[in-house]
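2 protein chains.
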Amino acid sequence: MNENQAFPWDHPRFRSWIGVARACQLMQQAMTRAIADLDIKTPHLDILINLYRFDGISQQELARKLLVGRSNMSMLLPQLEKRGLIERRPDAKDKRILRLSLTGSGRDLTIQAMAIQTGLIERTLSRTPEDRCLQVAEAMEDIIRILQTMEPADDADDG
Amino acid sequence: MNENQAFPWDHPRFRSWIGVARACQLMQQAMTRAIADLDIKTPHLDILINLYRFDGISQQELARKLLVGRSNMSMLLPQLEKRGLIERRPDAKDKRILRLSLTGSGRDLTIQAMAIQTGLIERTLSRTPEDRCLQVAEAMEDIIRILQTMEPADDADDG
Numbered sequence: 073m074n075e076n077q078a079f080p081w082d083h084p085r086f087r088s089w090i091g092v093a094r095a096c097q098l099m100q101q102a103m104t105r106a107i108a109d110l111d112i113k114t115p116h117l118d119i120l121i122n123l124y125r126f127d128g129i130s131q132q133e134l135a136r137k138l139l140v141g142r143s144n145m146s147m148l149l150p151q152l153e154k155r156g157l158i159e160r161r162p163d164a165k166d167k168r169i170l171r172l173s174l175t176g177s178g179r180d181l182t183i184q185a186m187a188i189q190t191g192l193i194e195r196t197l198s199r200t201p202e203d204r205c206l207q208v209a210e211a212m213e214d215i216i217r218i219l220q221t222m223e224p225a226d227d228a229d230d231g
Numbered sequence: 073m074n075e076n077q078a079f080p081w082d083h084p085r086f087r088s089w090i091g092v093a094r095a096c097q098l099m100q101q102a103m104t105r106a107i108a109d110l111d112i113k114t115p116h117l118d119i120l121i122n123l124y125r126f127d128g129i130s131q132q133e134l135a136r137k138l139l140v141g142r143s144n145m146s147m148l149l150p151q152l153e154k155r156g157l158i159e160r161r162p163d164a165k166d167k168r169i170l171r172l173s174l175t176g177s178g179r180d181l182t183i184q185a186m187a188i189q190t191g192l193i194e195r196t197l198s199r200t201p202e203d204r205c206l207q208v209a210e211a212m213e214d215i216i217r218i219l220q221t222m223e224p225a226d227d228a229d230d231g
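Just so you know, the protein sequences line up as chains A and B, in that order.
Here my numbering is used: the first residue of the first sequence is 73, the next is one more, and so on.
Here my numbering is used: the first residue of the second sequence is 73, the next is one more, and so on.
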């Protein structure tokens, strides 16, 4: 690009993506405030919801689902464990695999947090009709598919 | 929500939002990798692009545009200043206002980074036709408008 070319913010795809990025950022901030009373942040919530949904998931599978680097996970999981919200135990057959579960109080907190999250999303998308939601979802599926082909190899995803 | 209710991931709005959030996260990671050679991260790029676009912007206006808390800004700006990419100087009329500009090398680096960013967005949205881009942009505008009404007062946005 040289300075005689159009500015990136004049490109329709660029503008539309900037809208997506801004909406994400605002949603992230609203969510952070909404769950602050539960004394968790959004990366913790992502982990808790995955353990709620996939009880006994391995640490490696969780990292893949969350797109979180291993270094990040190794900070977040002990925080949740110390608070008694999750448990880590070796797999019955293969001791090298660590399996993760919610404790009773982790489950209670996750249910509260999911209700807050669902409420916020419902409220935020309330002016977006269902067919528009579907169009957005389809566009995102295409984008995700393309971005996934750009992902680095598994061993390098410590970002 | 009690456990007899549907899981949040069964709600159409929730599912569509999860797609948006995942696409954003993947894009962020792809962008981080794409600009790593320039030795900047995405929060630096957001600042640089804003200074490119709004030369002489005040620190306060920048913080508002970026949705970045003041504590974050006060870490990122000195990093860019030390590398000689930006300059901060008091406003000619009101010395309490700090105005920000790119240096020559900051401008060069920003132009390179914008070309990388635009290329990545074009590639990622290449399978999304322009009318679909427009539908996404419109949906995001509604979402942004609602989220903005939920924003805390200016003084409290140090998140």
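Every residue gets a Cβ at the ideal spot worked out from N, C-alpha and C, and that includes glycine.
These numbers come from a predicted model, not from an experiment.
Assignment of ILE158 of chain B by DSSP, reduced to helix, strand and coil, places it in the strand class. ARG85 of chain A and ILE121 of chain B have their C-alpha atoms roughly 17 Å apart.
Taking 7 Å as the CB threshold, LEU120 of chain A stays off the interface with chain B.
DSSP, read as helix, strand or coil, puts ILE129 of chain A in strand.
The beta carbon of SER177 of chain B sits closer than 7 Å to the beta carbons of GLY156, LEU157 from its chain, once the five residues preceding and following it are set aside; these are given in chain order. Using a CB distance cut-off of 7 Å, MET103 of chain B does not count as an interface residue toward chain A. Interface criterion met: the Cβ of MET222 of chain B is under 7 Å from a Cβ in chain A. DSSP, read as helix, strand or coil, puts LEU120 of chain B in helix. For VAL208 of chain A, same chain residues with a beta-carbon under 8 Å away, outside a window of 5 residues either side, are THR200 in chain order.
Exposed is the label assigned to GLY128 of chain B, since fewer than 16 other Cβ atoms lie within 10 Å of its Cβ. Residue contact check for SER88 of chain B against chain A: a CB pair falls below 7 Å. Scanning the stretch 192 to 228 of chain A from its first residue to its last, the whole alpha helix (DSSP H) runs of 4-plus residues come out as 202 to 221. Per DSSP, ARG171 of chain A is one residue of the beta strand (DSSP E) stretching across 170 to 174. For GLN207 of chain A, the chain B residues whose C-beta falls within less than 8 Å of its own C-beta are ARG204, GLN207, VAL208, ALA211, listed in chain order.
For PRO84 of chain A, the chain B residues whose C-beta falls within less than 7 Å of its own C-beta are GLU202, CYS205, listed in chain order.
Look at ILE112 of chain A here: in three-state DSSP terms it is coil, with no helix or strand label. Straight across, the Cα-Cα distance linking GLU153 of chain B with ILE188 of chain B is about 22 Å. Take GLN100 of chain B, set aside five residues on each side of it, and the residues of its chain with a beta-carbon closer than 7 Å to its own are THR114, in chain order. Chain A places no beta carbon closer than 7 Å to that of LEU181 of chain B, leaving this residue out of the contacts. Proximity to SER198 of chain B across A:ARG94, A:LEU206, A:ILE216, A:ALA95 peaks at A:ILE216, based on C-alpha coordinates. Within the same chain, and ignoring the five residues on either side of PRO162 of chain A in sequence, the residues whose Cβ sits closer than 8 Å to its Cβ are ARG168, ILE169, LEU170, ARG171. In this structure, TYR124 of chain B and ARG160 of chain B do not form a Cβ contact; the two beta carbons are roughly 16 Å apart against a cut-off of 8 Å.
Under the 7 Å criterion on CB atoms, ASP214 of chain B is classed as interfacial with respect to chain A.
Its Cα nearest to that of ARG94 of chain B, the residue A:MET212 stands out among A:LEU110, A:GLU202, A:MET212.
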